[in-house]
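Asks:
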Amino acid sequence: MLALQILIDGFAISALYALGATGFTLIFGVSGVLNLSHGAIMVAAAVAAWAAASVLHLDIYSGALFGVGVALIMAFATYFAVVKPIQNSRRIPNEEKEIFVLTGTLLWGIMIQELIAYFFTNNAKTVLPIVEGVVDIFGNRTPRNNIFTALVCCLVIGLLWLLVNRTRTGKAVLAASMNPRGVTLLGLELTQIYIVVWGIYGILAGIAGVLLGMFLGVSSYSVGPLTASAFSIVVLGGLGSVSGSLIAAFVVGYLETITAYMISPAYRTIPALLLLVFVMYIRPQGLLGRR
Amino acid sequence: MANFFTSRLFFISLVCVVVAATLPLYVSGYILGLLTVAFYFGVFAMAWDLLFGFAGEVNFGPTFLIGTGAYTAGILNNQYGWSVYVCILLGALASVVAGFVLALPALRVRGPYFGLTTLVAVLMLQNFVVVFADLTGGEIGLTIPDVITINAGANYWIALGFMTVSAAILYGLSQSPVGLVLQASGQDPVQAGALGFNIVKHKLAAFIVSAFFSGLSGALLVFYFGTASVGTVVDVAVGVNVIVSAVLGGRRTVLGAALGAIFLIVAGEFLRPTGELATFIVSAVALLVVLFFPGGFLGAALSREARS
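From first to last, the protein sequence lines are chains A and B.
Residue 116 is where the first sequence starts when you use the numbering used here, and the numbers rise one by one after that.
Residue 2 is where the second sequence starts when you use the numbering used here, and the numbers rise one by one after that.
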């Protein structure tokens, strides 16, 4: 029974991790940017959905949509206000742009976090779930919301796969992640591809954030841990590899759930960290990394 | 080195230190306490700059080294009651060992992968502190029975003296041939290796020096506060402050890092009336500096001097 419970509970959290990490890894794959404001954007989406319901009195669906919209705006703001100026700067040497993007997005994330804390306090906020109640799966009482979360995550990731592999825009994005120079030689504007990718990222982070708000609840304190977990999942799977991140998300999600059930919730994150260090030593490029 | 002693930077630094040394004669204990913390923080930032600015290693976990030194010193004093100076020395040595352990993956992985390894090291240390609460005091913090002194002026002079000596050693190292080799291996490891320099040895040395000063400063800070807690010496947020200080003051300048740290601590205190917005304002200013003056305070000043 415990095994089944772990299987069900772990699936929802893993699917959520996968959704959060996919956008993060997509941006890295295409433009080489590690966006350390990731957690802040997810929390902003969840808090916006919460505020839409409790302050603006919108219904649940409009609230969720509002949250995703806020994440989309935040993603574009991150790109145009922080990432693009650093990438185009002539005063920053090329080999140091990476650390500047890291520092810049980190500061940007702290700014978003502090603004959320200032306007909406540090208290944890739970977004009203779209589906309520519990169902019985072979004797395990499971909240319907868990199943809903897992389904939405799988659906969105499936749509992303279709977008990347079956549409013209998606193929351009894929090509840019393989060889940026080749794409420009084919007459495609690299900046436009970046904008598309940041748009996709914003929607993914927004959906993940709103679902997280329904599933576990968020507060401005979740910003750091969320960024760190996305970062470690993406590195574990191999930077830039979407399928690697999906596998890594499930590995980390289940490892955490098993630890929480079998040992103690207090040690929840430790085995995943140990695994990460182990993989770093054995296979520094991650599970499915290209380098 | 010889022309450094006649340069403008040397005189400005000398004047700054002399003026700073006379401060206890006419400012309140409150300002002294603030600057004492800022000086220890300055050493954290300078030690970090040696690793990043020169060896080119993005260390997201400066607090792994700081925290190891601080907690080792604190626990030894708390559990065995050893003398303060022995504890501080052993704390610094523990930090050197930690730096050695952290440096091992650095010789294998690069860039973001190394950054993550150092970040994970901090998270592990944080988990360790919380899990072994009997030994470390857990989330409440570790109480330390002894202090160096309770005189605010004496504490201030110790911190200032320590920062000045550390700055002299770290700056001297960065300008020495060893510093040049480090800089070369940070920018192009293949070519530096082809010129016959042992990159692994140099980077390991940089790690050990950085760890020694971080640990020493962490241990001194703990004996100044009289307590060690995750929030003051281990938390990722503390590490972020160290990194922001170094970038703000000007990376690859060493002295600028200390300047950035003092600015960050003092600005945070001045903005206290704005309440929760203080961190927001400091981060926004730091972001603007990163975007528009990527060289930082000292970087901008030095390049202007070089041009004229």
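Heads up, the beta-carbon is just placed ideally off N, CA and C, and yes, glycines get one too.
#1: Would you mind working out which of B:A262, B:F53, B:A279, B:M125 sits nearest G112 of chain B, comparing C-alpha positions?
#2: What would DSSP say about T384 of chain A, mapped onto helix, strand or coil?
#3: Note down the Cα distance separating V97 of chain B from A287 of chain B, rounded to an integer number of angstroms.
#4: Here's the rule: buried if 16 or more other CB atoms are within 10 angstroms of the residue's CB, otherwise exposed. What is Q127 of chain B?
#5: Can you find a C-beta in chain B that's less than 9 Å from the C-beta of V145 of chain A?
#6: Does the Cβ of R281 of chain A have 16 or more other Cβ atoms within 10 Å, making it buried, or fewer, making it exposed?
#7: Taking beta-carbon pairs under 7 Å, can you tell me which members of the stretch 272-292 of chain B lie near chain A?
#8: Quick test of your reading: G254 of chain A and M116 of chain A, contact by CB under 8 Å. State the CB separation rounded to the nearest angstrom.
#9: Quick test of your reading: G300 of chain B and T254 of chain B, contact by CB under 8 Å. State the CB separation rounded to the nearest angstrom.
#10: In angstroms with no decimal places, state the Cα-to-Cα distance between A381 of chain A and L230 of chain A.
#11: Got a sec, what are the start and stop residues for the alpha helix (DSSP H) R296 of chain A sits in?
#12: With a cut-off of 8 Å on the beta carbons, I'd call T118 of chain B and V392 of chain A a contact; round off their distance for me.
#13: Assuming L151 of chain A and G224 of chain A are in contact, meaning their beta carbons sit under 8 Å apart, how far apart are those beta carbons, in whole angstroms?
#14: Starting from the beta carbon of P399 of chain A, find every residue of chain B whose beta carbon is closer than 7 Å, and list them in chain order.
#15: Name the residues in the stretch 231-248 of chain B whose C-beta lies less than 8 Å from a C-beta of chain A; which are they?
#16: So, for G30 of chain B: in the same chain, excluding its five sequence neighbours on each side, which residues have a beta-carbon less than 7 Å away from its beta-carbon?
#17: For chain B, find out if any of its Cβ atoms is closer than 9 Å to the Cβ of S337 of chain A; answer yes or no.
#18: Taking just the CA atoms, how far does Q120 of chain A sit from F126 of chain A?
#19: Of all the CB atoms in chain A, is at least one closer than 9 Å to the CB of T118 of chain B?
#20: For M2 of chain B and F271 of chain B, what's the separation of their Cα atoms in angstroms?
#21: Quick one: what does DSSP say D147 of chain B is sitting in, helix, strand or coil?
#22: By Cβ distance below 6 Å, which residues in the same chain neighbour G154 of chain A in space, the five residues on each side in sequence not counted?
#23: Name the chain A residues that come within less than 8 Å of L124 of chain B, Cβ to Cβ?
#24: Can the beta-carbon of S167 of chain B be found closer than 9 Å to that of F214 of chain B?
#25: So which residues on chain A does Q188 of chain B lean against when the C-beta distance must stay under 8 Å?
#26: In this structure, does DSSP put V242 of chain A in helix, strand or coil?
#27: Establish whether the CB of V210 of chain B and some CB of chain A are separated by less than 9 Å.
#28: Residues of chain A with CB closer than 7 Å to the CB of G295 of chain B, please, in chain order.
#29: When the cut-off is 9 Å and only beta carbons count, does V182 of chain B lie next to chain A?
Replies: On the basis of the supplied data:
#1: B:F53
#2: coil
#3: 30 Å
#4: buried
#5: no
#6: exposed
#7: E277, L278, T280, F281, S284, A285, A287, L288, V291, L292
#8: 6 Å
#9: 6 Å
#10: 29 Å
#11: 295-300
#12: 7 Å
#13: 6 Å
#14: R109, V110, Y114
#15: V237, A238, V241, I244, V245, V248
#16: A153
#17: no
#18: 10 Å
#19: yes
#20: For M2 of chain B, the pLDDT reaches just 49, beneath the cut-off of 50, and the residue's location in the model is therefore unreliable, leaving the point undetermined.
#21: coil
#22: V338, L341, T342
#23: A343, T384, L388
#24: yes
#25: E210
#26: coil
#27: no
#28: Reading off the sequence shown, one finds Pro at residue 295 of chain B, where the question assumed Gly. Those within 7 Å of P295 of chain B in chain A are S204, R206, I207, F215.
#29: no
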